[in-house]
Amino acid sequence: MLDAAGDPEGAGAVRQKANQYNKELKGFCQQNGLKYRTDRVRTYGAVEPKKVLDISGGSGIMDIGRSDILQQAKTRDTKIAITDVAISKANPPTIPHFSQQQNQKFKELHHELLTKSMNENDSNEVAFLFNLTTLKHEFELGGTRSVNIFKNPFALDMLHRSGDRELYLLHNHPTTKIFSYSDIGVLLLYDNIGGITVVSNAGKVNVIYKTEAFDYKKAYSSLKQIRSEYQNKVLNEDEDAEVVKRFLKVCGNCGIKFM
0 MLDAAGDPEG AGAVRQKANQ YNKELKGFCQ QNGLKYRTDR VRTYGAVEPK KVLDISGGSG
60 IMDIGRSDIL QQAKTRDTKI AITDVAISKA NPPTIPHFSQ QQNQKFKELH HELLTKSMNE
120 NDSNEVAFLF NLTTLKHEFE LGGTRSVNIF KNPFALDMLH RSGDRELYLL HNHPTTKIFS
180 YSDIGVLLLY DNIGGITVVS NAGKVNVIYK TEAFDYKKAY SSLKQIRSEY QNKVLNEDED
240 AEVVKRFLKV CGNCGIKFM
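Counting from 0, one number per residue, gives the positions in the sequence shown under numbering that gives the first Met the number 0.
In structure tokens, the structure reads:
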């Protein structure tokens, strides 16, 4: 309401207070062996204070209440048809903080994702939302240029019920390109999402994930500074790739690991 009333200082003070309350709650949960539940401290459907850069290059920010956050509005190169050989190559790097069981499941899901894309979706985009605690996942089929995992109501429910960094988002790109600008935005956007992977239709897997040292403000500031050089224009394919490339070079300073 303070934002709508044009009172940024008042809104900032409220956010600071809310962040302090959440910090105290997390500390209490940790001290008493309790699980911090993000779904217990948020009102879904409302516009929340945290914002990320607009992937379209319009206003420069995007409210996190948007359900189409995973839409990747950009031109693709020629689509590569998935083969059995590509599927066999789709082995993600070992994630250090994963258990052996989690890493094994992680690997299996990348094979399953490409197989589903090949057999059920004409080698187009497919997204999996993977819960590290339950080892369960939900999926959604997309097109050649986009996929929205939250069209699946069970995936949306999983998001709402998960804890910090408990989820990993896996998806394929029909070309050899790695992360998009919108992928980076999604990683910063949701506390629940600990990492994102992109597997190309040729079988190459890249991972970007938050470490214990993740600092949202630093990450947001770094990405915003790079993006601001393009002002409000919509990024073309080369510009999108360049923004991502530059961010990946400095993301380690924000507590983000790129593999």
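Beta carbons are placed, not taken as given, at the ideal position from N, Cα and C, and that holds for glycine.
The C-beta of P152 has fewer than 16 other C-beta atoms within 10 Å across all chains shown, which makes the residue exposed. Under the DSSP assignment, F127 falls in the beta strand (DSSP E) whose first and last residues are V125 to N130.
A Cβ-Cβ separation of about 7 Å places A126 in contact with G141 under the 8 Å criterion.
Boundaries for L169: no alpha helix (DSSP H) harbours it, while the beta strand (DSSP E) harbouring it runs L166 to H172, taken from the DSSP string. Counting C-beta pairs closer than 8 Å gives fewer than three between the stretch 169 to 177 and the stretch 186 to 193, which falls short of the contact rule.
A residue is called buried once 16 or more other Cβ atoms fall within 10 Å of its Cβ, and S116 is buried on that count. With a beta-carbon spacing of about 13 Å, S98 and N130 fall beyond the 8 Å limit used to define contacts. In the three-state DSSP reduction, Y189 falls in the coil class, being neither helix nor strand. In the DSSP assignment, H136 forms a beta bridge with F129. Residue state for Y208 is assigned as strand, using DSSP reduced to three classes. With a 10 Å radius around the Cβ and a threshold of 16 neighbouring Cβ atoms, K209 comes out buried. Within the same chain, T93 and I94 come within 7 Å of N102 by CB-CB distance, once the 5 residues on both sides are set aside. In this structure, the CA atom of A17 is about 28 Å from the CA atom of S227. I255 sits in a strand when the DSSP states are folded into three classes. Non-local beta-carbon contacts of Y35 in its own chain, meaning distances under 8 Å to residues more than five positions away in sequence, involve L24, K25, C28, Q29, G162 and D163 in chain order. In the three-state scheme derived from DSSP, where H, G and I count as helix and E and B as strand, S98 is classed as coil. In this structure, G254 sits near A212, with a CB-CB distance shorter than 8 Å. Straight across, the Cα-Cα distance linking A89 with A12 is about 47 Å.
Shown here for Q100: same chain residues with a beta carbon closer than 8 Å to its own, the five before and five after excluded, namely L134 in chain order.
Within the model, the alpha-carbon separation for I195 versus V242 is close to 17 Å. Residues of the same chain with a CB within less than 7 Å of the CB of H96, apart from the 5 flanking positions on each side, do not exist. Contact annotation: M258 and V206 have beta-carbon atoms nearer than 8 Å.
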